[in-house]
Amino acid sequence: MSIAAQTASALVRAAIIGGVAVVISGGLAGRLGGLRGRAKSIAWALLLAPFLTPSLLISYAYSKLVIALVASPWSHQALYAAVLLLKLVPVAVIARTLLPSPLSAEARHAFRTLAAPSFSTRIRFDMRGSGPGPWFAGGLVFLIAFADFELASLWSIKSWTVAIFDAQTGGMHWRESLRLAALPLAIQVAVLAFLATRTRRSGVASSRIRTGGNTAFCYIGVAAIVVTALPLALLAVQAVAGFRVIAATFVLTHEIVASVLFAFASAVIAGGWAFRRTLAATALPGLLGSLVVALLVLAIFQTPLVRPAYDTPLPLLLALVIILLPMALLLGALLRMRQMSPMRHIARQLGSRKLAWALDWQPRLAAFGLLFCWAYFDFTAASILAPVGMTPVFVRLHNLAHYGQTAVLSAMMLAAFLVPVVLLLLTVAAGRIYARRDGR
């Protein structure tokens, strides 16, 4: 299958995933907005779990099922599209939360009551009054799904990302790789330009909250089980017999340290850049996907001026920062929305460490943790740009996963997955101990 055909296939698949994500996220964003307290925290944790679960872990856990479905192409593609949809719905929900409809619930009720519109008229009214939220939600999901590589690679899905990556790692010159990526890149740029036009035509959005979270909890619970809990459970069962081996001779220490250092540095830089309220345009290159970003950074560091820095940590660090910026800007916008709360002002006036931790530092730590995990679990950019001697752990694990499932490999993968979780839990524990040192 040619690159053009694979690009067309990926385009249709991403368009369907984006459209379905818009429909699902509309209800989820409103219902999650109506939750309060612990229920809201649990709901958001369950919602984000599939998005943060590494694609390598999912593909590895379900690899036997995928192998059984290879003989049935439609079932194979349907499973891939369904899992990718479940992973990306959280992106659409965040976009709809940040960009709600400019129409209030009262305005919609008045239109339906006074105008008595037909079904087609109601649909047109809802589309015109939806604001930029659905367009951005669908556009972001489309771009991520269109550029997906990690899940498609181990599941043998024919996609332009897999074809170009295989050619690049097989020795193809970077100029030829960029030439092959010209058509997909043009599609991505066109989508970004369309979203930019929607921004200029849209007014200021107002909040619109709907109550009733039972349906939302059912969906996010099922998604978290299918994409996160079940793969982790399968991995843990397989890993039991392998823990003894890796406990005696753990060979991934160097790779894990490299991953932690790259993830920490890139999260600090991207978070600091985004939380300064920088222009949203700085995040646009990151929406092109890890593969295209890595190829463009590779091309930059092949120029004579910066060629001496090629085999250093700088290229991969730059690529990770670019990839993280879209998420960092979204998280920064959410944190600025929290700054409007009068409770934070009161906490600062009281000088209470406990309140400051709960209302200020804990949300910031959660945002940093999301950026850290996203960079730590990256494989695509790391496999192209990692310097000699600093190979991130998921590049090593991805290469080993091609040889099939073993107890030792499952244990290694589970250990690598738990590292950022343990680091974040220790940081949270330290923060709570610090917050309890005063009694206020």
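The sequence shown maps to residues 195 to 634 in this note's numbering.
Ideal Cβ placement from N, Cα and C applies to all residues, glycine included.
Three-way DSSP call (helix, strand, coil) for residue i in this model
i      : result
Met195 : coil
Phe330 : helix
Thr506 : coil
Ala399 : Its pLDDT being 42, under 50, Ala399 is placed unreliably in this model, and the value from its coordinates should be taken loosely. Coil at Ala399, not helix or strand.
Ile288 : helix
Met606 : helix
Tyr254 : helix
Arg438 : helix
Phe388 : helix
Trp349 : coil
Thr201 : helix
Arg232 : helix
Val582 : coil
Pro244 : helix
Pro479 : helix
Pro294 : coil
Ala208 : helix
Thr409 : helix
Cβ separation of residue i and residue j, assumed to be a contact under 8 Å, to the nearest whole Å
i      : j      : result
Pro586 : Glu449 : 6 Å
Ala461 : Leu528 : In fact, because the Cβ distance is near 16 Å, the residues do not count as touching under 8 Å.
Leu508 : Ala468 : 20 Å between Cβ atoms; not a contact.
Leu226 : Val287 : 7 Å
Gly436 : Ala239 : Not really, about 29 Å apart at Cβ, beyond 8 Å.
Leu579 : Leu510 : 4 Å
Gly465 : Ala561 : 7 Å
Gly333 : Leu389 : 5 Å
Ala339 : Arg207 : 7 Å
Thr506 : Pro581 : 6 Å
Best match in the options for proximity to residue i [C-alpha to C-alpha]
i      : options                        : result
Thr247 : Val431, Pro425, Ala464, Val451 : Pro425
Leu619 : Cys567, Ile578, Leu386, Ser604 : Cys567
Ile575 : Gly483, Leu428, Ala435         : A quick correction: the sequence has Ala, not Ile, at residue 575. Residue Gly483 is the option with its Cα nearest to Ala575.
Ile351 : Pro520, Gly526, Thr201         : Thr201
Leu345 : Val385, Thr291, His270         : His270
Ala276 : Val214, Lys258, Leu292         : Val214
Leu617 : Ala441, Leu455, Ala331         : Leu455
Ala442 : Ala223, Ala605, Leu241, Ala272 : Ala605
Arg470 : Val434, Val445, Gly526         : Gly526
Gln599 : Ala569, Val582, Ala433         : Ala433
Arg438 : Ala209, Phe245, Ala609, Ala208 : Ala609
Ala493 : Leu280, Leu242, Ala357, Trp368 : Trp368
Pro328 : Ala243, Leu222, Pro581, Met366 : Leu222
Ser235 : Phe411, Ala331, Phe359         : Phe411
Gln362 : Thr409, Ile218, Leu489, Val451 : Leu489
Leu514 : Ala204, Ala477, Arg373         : Ala477
Terminal residues of the alpha helix (DSSP H) in which residue i lies
i      : result
Ile358 : 354 to 363
His592 : 587 to 595
Ser266 : Segment: none, Ser266 is in no alpha helix (DSSP H) and carries neither H nor E.
Pro425 : 424 to 433
Val421 : No alpha helix (DSSP H) holds Val421; DSSP gives it neither H nor E.
Ala375 : Where Ala375 is concerned, there is no enclosing alpha helix (DSSP H), given that its DSSP letter is neither H nor E.
Ala575 : 574 to 579
Pro557 : 556 to 570
Val454 : 447 to 468
Ala145 : Since the displayed the chain opens at 195 and closes at 634, residue 145 lies outside it and no answer follows.
Leu492 : 484 to 494
Close-in-space but distant-in-sequence residues of the same chain around residue i (CB under 7 Å, 5 per side omitted)
i      : result
Ala623 : none
Trp349 : Ser253, Val260, Tyr274
Val335 : Ile211, Gly212, Ala215, Leu282, Val285, Ala286
Phe571 : Pro248, Phe588
Met195 : Lys352
Same chain, Cβ closer than 8 Å to residue i, five either side skipped, listed in chain order
i      : result
Ala341 : Thr355, Pro378, Gln382, Leu482, Gly483, Ser484, Leu485, Val486
Val264 : His270, Ser350
Ser401 : Bear in mind that a pLDDT of 43 at Ser401, under 50, signals an unreliable position, so the model cannot answer this.
Leu280 : Pro244, Ala417, Val420, Val421
Proximal residues to residue i (C-beta, below 6 Å), its chain only, five neighbours per side dropped
i      : result
Gly480 : Ile516, Ile517, Leu519, Pro520
Ala255 : Pro425, Leu428, Leu429
Thr621 : none
His592 : Leu250, Phe573
Phe495 : Tyr504, Pro509
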